[in-house]
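**Student:**
Protein chains: 4
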Amino acid sequence: MKLWNAHWSTSMDELTARLNDSLPFDQRLAIQDVRGSIAWASALHKAGILQEGELARIVAGLSQILDELEEGRFTFQPSDEDIHTAIERRLGEVIGALAGKLHTGRSRNDQVATDFRLWMMETCDQLESALCGLQKALLARAETDWGVILPGYTHFQQAQPVLLSHWWLAHFWALERDRQRLKAVREHSAMLPLGSGALAGTGFATIDRFTLAEQLGFSAPVPNSIDAVCDRDFAAEFLFWAALLGVHLSRLAEALILYTTREFGFITLDDAYTTGSSLMPQKKNPDPLELIRAKSGVLIGKLTTLLTILKGLPSAYDKDLQEDKPPVFEAADTLAVVLPVLSGLLNTLKINSERIHQSLDWSMLATDVADYLVEKGIPFRQAHSVAARVVQRAASLGLSLRELPLDEWRAVHPAFEQDVLSLLDLSHCLDRRAAFGGTAPGAVRKQLELARTVLAD
Amino acid sequence: MKLWNAHWSTSMDELTARLNDSLPFDQRLAIQDVRGSIAWASALHKAGILQEGELARIVAGLSQILDELEEGRFTFQPSDEDIHTAIERRLGEVIGALAGKLHTGRSRNDQVATDFRLWMMETCDQLESALCGLQKALLARAETDWGVILPGYTHFQQAQPVLLSHWWLAHFWALERDRQRLKAVREHSAMLPLGSGALAGTGFATIDRFTLAEQLGFSAPVPNSIDAVCDRDFAAEFLFWAALLGVHLSRLAEALILYTTREFGFITLDDAYTTGSSLMPQKKNPDPLELIRAKSGVLIGKLTTLLTILKGLPSAYDKDLQEDKPPVFEAADTLAVVLPVLSGLLNTLKINSERIHQSLDWSMLATDVADYLVEKGIPFRQAHSVAARVVQRAASLGLSLRELPLDEWRAVHPAFEQDVLSLLDLSHCLDRRAAFGGTAPGAVRKQLELARTVLAD
Amino acid sequence: MKLWNAHWSTSMDELTARLNDSLPFDQRLAIQDVRGSIAWASALHKAGILQEGELARIVAGLSQILDELEEGRFTFQPSDEDIHTAIERRLGEVIGALAGKLHTGRSRNDQVATDFRLWMMETCDQLESALCGLQKALLARAETDWGVILPGYTHFQQAQPVLLSHWWLAHFWALERDRQRLKAVREHSAMLPLGSGALAGTGFATIDRFTLAEQLGFSAPVPNSIDAVCDRDFAAEFLFWAALLGVHLSRLAEALILYTTREFGFITLDDAYTTGSSLMPQKKNPDPLELIRAKSGVLIGKLTTLLTILKGLPSAYDKDLQEDKPPVFEAADTLAVVLPVLSGLLNTLKINSERIHQSLDWSMLATDVADYLVEKGIPFRQAHSVAARVVQRAASLGLSLRELPLDEWRAVHPAFEQDVLSLLDLSHCLDRRAAFGGTAPGAVRKQLELARTVLAD
Amino acid sequence: MKLWNAHWSTSMDELTARLNDSLPFDQRLAIQDVRGSIAWASALHKAGILQEGELARIVAGLSQILDELEEGRFTFQPSDEDIHTAIERRLGEVIGALAGKLHTGRSRNDQVATDFRLWMMETCDQLESALCGLQKALLARAETDWGVILPGYTHFQQAQPVLLSHWWLAHFWALERDRQRLKAVREHSAMLPLGSGALAGTGFATIDRFTLAEQLGFSAPVPNSIDAVCDRDFAAEFLFWAALLGVHLSRLAEALILYTTREFGFITLDDAYTTGSSLMPQKKNPDPLELIRAKSGVLIGKLTTLLTILKGLPSAYDKDLQEDKPPVFEAADTLAVVLPVLSGLLNTLKINSERIHQSLDWSMLATDVADYLVEKGIPFRQAHSVAARVVQRAASLGLSLRELPLDEWRAVHPAFEQDVLSLLDLSHCLDRRAAFGGTAPGAVRKQLELARTVLAD
């Protein structure tokens, strides 16, 4: 027996009911559903539809249900097809026929959109906090690892030396963009659908949607009732946010996985963040990082799912929209685990500074060699070519740039003088990159300060 | 305490364990895991690694576990990180230290690939059966609805009349392609990874992988151990199969949704396959069809997920591969519900023949008018233009083609003679399309026969 | 001969060059590349690296190239691998060896990111204008079609009557969200990468990136040089914006396609926005709407592409990033056509008011019947059930609700009185929905005003 | 002036025409279109619709057009909306009004499906050849690099030693699966739509579709005319094939990128397959490999595009289907470049055997240590734990397993005897993995033989 099928000739096919029922996932909106109902009852009262006493009894009943939910005492019934039905059924058990007045002037269409947005706002707050935790872990690393010089890679070939702190901060800024986007998702979610009915607006003109919005923490009611029941932009935005964050995490994870290989050896993960092998006794594997990398695929798939579901839906509310919630819930759950795991992993990993130092290839200074010639008036394009020949000459002699004698330099180009040898110094190389955003220690200090400031905001 | 961390300095971080543990989803491979282990024990025995008595005790223990699983008595422990660990742990409880011999020469890498493929073969069989059920429902409709003439649409504009049976069969053939692809997925899954160890092959040369393959129902062992542990093509093929099937179902669902609208009114769904509204008392909604349409988005998203996860994985086995199972399981579960629901819905829907008949637009015969002129020697391109003018003329007079008097026809083109009026007959129009694959009743009868034959195969 | 391979042992494999060269698509950044170079030359001068006269000659050369580009006189050479190389090559031809000084302190990595962001800012402006055009077309329809009452659908079943103007506005608000998101994309694009070098920051500390940013219209320099060269969030955000807009357009297109069918007949497209059939003379097809619907798939695919490309990239700049531009360019081109086409189609379509009116099903007033009982004190849940029985009773008698005599109403429930018949009036039904966002004429007037205001912003 | 709009009140809106016209991409089907038309004319003749002489003139005209196309002399006109229109227009210019007879009994719906499938069959053949080329390059490497022992990785941590040849072959088998799938795509494409008309079947019953199929190289006609014009499964299958192949290539590319890093140093790419840096003179970058990795994202996006386009299309032919071709053409073009580039890169790269040898970590033999204990009767699970402690002991002493003295072994477990030291030998370790599919030289030889055999097929 459903809310709507008193006049049906047959009950729903059993498997169809399994396809149809959303309770297995939307029960997670229980608290929000009750909160929304309390506010709605209050709006019905102000609109003259519920008596004072009726309101009190309904609110008392809903409050009892809230307690049952929070204490894990609420029992779902097989006949409950969704969370709204379950709560209304239970309210009837608690307060009797009066419960039948609660659904006056509203529809499950505006109700579920309201519940989902309420949940979204809370979830954004929780995830922002987890994201901040990860950003703080990156800041902490940037501070802790101060002074370590890392090979900077492009095309995963050594390119130019950078401060490890600078590298950590590069990841900080990507996450900072994610955080700003998350704030936008929350803001966009805070528009109230309730009072839109099934699609045409509530049938009771005296319902005050602005007060409802305020009471439930929304910034304003959605200005069009049709749009209100079919808009899932906030869910799509959330999934895009999650997918792009997932991509950022996959990039960081990939780098860390490579840095933990025997061949790089730049970092060592704490045992608490590694696994072993059931077969090979010597293994320590960076499983959490691999799973974080894989989750980007999971999150991208969720986004594809929702966008494809929404494609071509013709009317105000189509049942297809029910499939909006599983991908969103799963994305949120994924990130609620991934973010703190990665924070913990960063907080506990060990930097192998000596190994990093040994890995630096002096030919990374070739750009500085070219710049040296530029400062002597040689056009950069020509200087680039000269520097390339110096690198080749050194390689053919089996020497690093640091070991190449001055006459070899001068054999390539007469503009090289004694001072070129003093150029071959990592600190010097870093120091040259002191323009805003560069890897010179002074510039990175300023960047660190800026990062702290934006995060405090 | 895990299988592999006796020598770890700390236990795994708790949230990391939650990210890492696959038991919540791979417990579904329990039966397959035990079956694989029984076969493996037998192979170890044949290879001289297990004594006869050891084999017997291990097999007895595993058989007991199989019973526990099948009877729902098996209890998982919080320390079980995956199904392999859980079974090995339980075997130890049942038969003691001897259980520690079972993992000899194998790895969870080849074990899970084997379990997953075993599951896939069984699942393909079950889904093929469900798919056949849907194909039969379409065949039954084609037979039941014989004689009903439906407007055939292109661009969702009425185009040419077709037999409703022909239209049902169009959907049959799409599903037949799906069924053939499903058979290929099953066949491609039937390659045995077991005996590949972690990646380099089992350390025991006497293991006979061909016998193992035969015993477990595989067609042959995978010929390369590295490939064996990282190949997930069969899972990707399955998800593509599911996504394309989902697309086919969405197309059928979309058409049926439109045919149930008040404006079309071609079909009426049985109450058992509709839902009502919590707010609007008059509503009967085709929810199952909408959900089926939406599921195509879910299935496409799963495919995207797996392909994106696999992208760029560099080594034999990476932990990312663990994320292969949830999308596959969810896709299979989705279709295991959707296919029979749609079959049931088709079996019970009612065709509103009268309404369909009234909806036919006589201008759909315009092509036949042009063909009439072609038979009189007028090039088709010119005939097309003449017929268009006839249609326009009738429209401007507010008449249907059937009502247009002969002199009006002749005013447009003198080649029209009395016999053009006899052309304006639906049966005649259908009968003309008697070439193989056309909508003439005779051709459709042959097609129906062919459909029955391929399905019997 | 490339910029970088003076010291290469062999030239690039020919097919590899075809894979590698980005000129076929990045030549579209030519203007932006020159503008960026002019600003860079100026920054080099201020930093003391270029003499006054050198700057003047370089700027003059670049200005000449700008003219050549704008007048279509610029000729690309087979050796040009990308737009940066082409411009530098041409500059050398125009001003000689001095051209070799321009690339001092910058890399193609920061250069292309700068060009791309410049292009993005301009493109956002153009697309915002096209989007506004479409929003205005919707507003115009809402005004023109004032007073037409449309069946409002949920599950594509008639649900409740709504003003057609209200329905057009529902689509307006979805686009308004798109417009706000587009502004955010533009804002997020306006961060300057130039001065970041290959990844470590420019080698010349005196380069003033803040002045550069201002000069080129950016709001600020990117604060981390590594992030600056590998951040493609702005491109991903743009593609998400495009995909979600595409979804919104597909929903509107789908509804319009259905409204143009013979069965609905609500609207007629202007001939300029339809096509015919090469075979069937009577056909008029809504091809542009179908293509618009299909483009949502194209746009979702582009988003998937970029996110998947970015997944797992480990280092500052990887060549994979070169594949960021084709999807973005194609998405922008698609929308630059689709938006004005849809605007034109809306501006010219004809509403068939009479047909729409005839299609209205009186049972859409069943909710109002239930609400009538609510006002008589009957709990809504019970009222819903009573109203459902009334609808059934009327259907079984073959009458519409309007035709059902009072004693039949009263036979179902005694609370019905004479005044229930006056309820059965569409205007009355609309008027009841006067709460903010509802479909009552007064509420829609206010909504229209609000829409005009936000668009004027 | 289009084929179909003689009776239109206005010409098509200009931008709409740009959206609508498919000529920019479908001109690539020109040859197939003419071939199909020649066969169709022949079928019309056999069906008694064209006279012998008419057939001859039409075929002569079409042959002339074929020449024009093949010699690049064919000129498209602005009014040509698609390739079919262009060919019919040109035929009219060449042979006059008789050209108007060619379109008798067919529609562009069945025509384009036929053209596209013809193109697909040819393209599959070409791509299979390119794929074979790549498989041969892998086989050649497996032969050339015989004897090199590579660290085998799981989780990108050294796991167990494998033959490099074995590793190359792992990639061979993935491609072999791709090749088998490609054959299936070709086979599934070889069903003839021609003769299905717009959707209901050709209006001329005497058309012999079986002969048509044979003449054009199809295996049979599609058995249902509605299905024939809307089935795009073959295109979706092709894109899935391409996406999964792309994923396989990305995995190989990723590994090779890592092997070319300074830190691994396992391989050196030939200069013809690397690029340099415009800024950093020392750089040699593996750009082609990075682009190949990125292309997997491009290909996955194309698949998503087509599946999403197809989702929910309700009728036989919808214009949305026109968007099927760009993703397919682009995917084919991408692979037609990528496959030979990767073959060339493999054929020319240099293996740094010495460097590979030095990188081998002796602790990779830990599994063999455990297996040693197993052979002494110790259960594997216990042996695993003992071996882990040996590895730890060696690490704590700063020794490799090879350097650990016997008494240290025995201190961990008394079962170790002198012979354990002889275990520590790479050849021995490989030799143990002689079961089918393992990395023992003998097993790999057999595998190589098998690979040669399947490829010869």
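Chains as they are written, first to last, in our numbering: chain A, 286 to 742; chain B, 286 to 742; chain C, 286 to 742; chain D, 286 to 742. Glycine is no exception: its CB is placed at the ideal position from the N, C-alpha and C atoms. All values derive from a computational prediction rather than experimental measurement.
#1: For a contact defined as C-beta to C-beta under 7 Å, what are the partners of D:ASP646 on chain A?
#2: Find out if the Cβ-Cβ distance for the pair A:GLN442, D:ASN509 is shorter than 8 Å.
#3: Any idea if A:THR589 is buried or exposed, counting beta-carbon neighbours within 10 angstroms, 16 or more meaning buried?
#4: Could you tell me if C:ALA540 is buried or exposed, where buried requires 16 or more neighbouring beta carbons within 10 angstroms of its beta carbon?
#5: Note down, in chain order, all residues in the region 562 to 578 of chain D with a beta-carbon under 8 Å from any beta-carbon belonging to chain A.
#6: Skipping 5 residues on each side, what residues in its chain have a beta carbon closer than 7 Å to that of A:THR399?
#7: Output needed for D:ARG374: all residues of its chain with C-beta closer than 8 Å, excluding positions within five of it in sequence on either side, in chain order.
#8: Look at the Cβ atom of C:VAL532, then the Cβ atom of A:LYS596, and state whether they are nearer than 8 Å.
#9: Check A:GLN607 in the structure and name its three-state DSSP category.
#10: Taking 8 Å as the threshold (beta carbon to beta carbon), is C:VAL397 in contact with chain A?
#11: Which partner residues of D:LYS635 appear in the DSSP bridge assignment?
#12: At what residues does the alpha helix (DSSP H) containing A:VAL470 begin and finish?
#13: Find the nearest neighbour of A:ILE511 within the set C:SER562, C:TRP453 and C:LEU689, judged by alpha-carbon distance.
#14: Identify every residue that forms a DSSP beta bridge with A:GLY437.
#15: Going by DSSP, what residue range makes up the alpha helix (DSSP H) through A:TYR602?
#16: Along the alpha helix (DSSP H) that carries B:ASP544, what are the first and last residues, could you check?
#17: If I measure Cβ to Cβ from D:LEU448 and keep anything under 6 Å in the same chain, skipping five residues before and after, which residues do I get?
#18: Closer than 9 Å by beta-carbon distance: list the chain C residues that pair up with A:ASN394, in chain order.
#19: At a CB distance below 7 Å, what residues from the region 362 to 382 of chain C approach chain A? Give them in sequence order.
#20: From C:ARG719 to A:LYS331, what distance separates their C-alpha atoms?
#21: Between the C-alpha atoms of B:LEU634 and B:LEU554, what's the straight-line distance to the nearest angstrom?
#22: Chain A partners of D:GLY482, CB-CB under 9 Å?
#23: According to DSSP, is D:PRO506 helix, strand or coil?
#24: Does A:ASN570 come out as helix, strand or coil in the three-state DSSP assignment?
#25: Which whole-angstrom value describes the C-beta separation of D:VAL583 and C:GLU608, a residue pair presumed to lie in contact below a C-beta threshold of 8 Å?
#26: For B:THR295, which of helix, strand or coil comes out of DSSP?
#27: Going along the chain, which residues of its own chain have a beta-carbon closer than 7 Å to the beta-carbon of D:PRO625, five neighbours each way excluded?
#28: Name the DSSP bridge partner or partners of A:THR560?
#29: Need the endpoints of the alpha helix (DSSP H) that C:LEU314 sits in, please.
#30: Whole angstroms is fine: what's the gap from A:GLN411's alpha carbon to A:LEU467's?
#31: From the beta carbon of A:ILE343, is the nearest beta carbon of chain C less than 8 Å away?
#32: Can you grab the Cα-Cα spacing for the pair A:SER712 / A:ILE636, in whole Å?
#33: Three Cβ pairs or more, each shorter than 8 Å: is that satisfied between the region 485 to 498 of chain C and the region 516 to 531 of chain A?
#34: Against B:TRP669, what residues of chain C qualify as contacts under a CB-to-CB distance less than 7 Å, listed in chain order?
**Tutor:** Inspection of the coordinates gives the following:
#1: ARG547
#2: no
#3: buried
#4: buried
#5: SER562, SER563, LEU564, MET565, PRO566, GLN567, LYS568, LYS569, ASN570, PRO571, ASP572 and GLU575
#6: GLY321, LEU477, PRO478 and LEU479
#7: GLN362, SER364 and ASP365
#8: yes
#9: helix
#10: no
#11: D:THR553
#12: 449 to 474
#13: C:TRP453
#14: A:GLN445
#15: From DSSP, A:TYR602 is part of no alpha helix (DSSP H); its letter is neither H nor E.
#16: Going by the sequence as given, residue 544 of chain B is Tyr instead of Asp. Residues 518 to 544.
#17: THR724 and VAL729
#18: THR439
#19: ALA382
#20: According to the sequence as given, residue 719 of chain C is Ala; it is not Arg. The straight-line gap from Cα to Cα measures roughly 16 Å.
#21: 5 Å
#22: In chain order: nothing, as chain A lies at least about 27 Å away.
#23: strand
#24: strand
#25: 6 Å
#26: coil
#27: ALA415 and GLY418
#28: A:ASN570
#29: Careful: C:LEU314 lies outside any alpha helix (DSSP H) and carries neither H nor E.
#30: 11 Å
#31: no
#32: 20 Å
#33: no
#34: Inspection of the sequence shows that residue 669 of chain B is occupied by His rather than by Trp. In chain order: PRO566.
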